[in-house]
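Visitor: Structure provided below as structure tokens; questions to follow.
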Amino acid sequence: MQNYFRTLNATRQMHGMNQVAIGAKFLDKTALQKAYKSALKRHHGITAEAKFIINLYEDGRNAYEGK
């Protein structure tokens, strides 16, 4: 599971850098979700469980950040 979370974290960072590069002020949530799913499929071959893993990652991230 940690490998999946590392992949999602790296994807979030890359997506954030791309958003800054195009001049966006906020992260596009729908594009970020699509990037998450694409990264899990590309690196780990995960398709059906992607949404579950993404939700676990976001819940853990929100708990860590105190949201």
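If you read the sequence shown in the working numbering, its first letter stands for residue 1017, the second for the next number, and so on. In this text, a Cβ means the ideal position worked out from N, Cα and C, and glycines have one as well.
Determine the direct distance from the alpha carbon of A1066 to that of K1057, and round the result to whole angstroms.
Guide: The residue given as residue 1057 occupies position 41 in the sequence shown. The residue given as residue 1066 occupies position 50 in the sequence shown. Rounded to whole angstroms, K1057 to A1066 spans 8 Å at the Cα level.
Visitor: Among E1081, G1082, Y1052, K1041, which residue has its Cα nearest to the Cα of M1030?
Guide: If you number the sequence shown from 1, residue 1030 lands on position 14. The shortest C-alpha separation from M1030 is found at Y1052.
Visitor: Would you kindly work out how many angstroms separate the C-alpha atoms of Y1020 and F1042, rounded to a whole number?
Guide: One-based indexing of the sequence shown puts residue 1020 at position 4. One-based indexing of the sequence shown puts residue 1042 at position 26. Each residue's Cα considered, the two are about 24 Å apart.
Visitor: Which first and last residues belong to the alpha helix (DSSP H) in which G1076 is found?
Guide: Position 60 of the sequence shown, counting from 1, holds the residue named residue 1076. Per DSSP, the unbroken alpha helix (DSSP H) holding G1076 starts and ends at 1066-1081.
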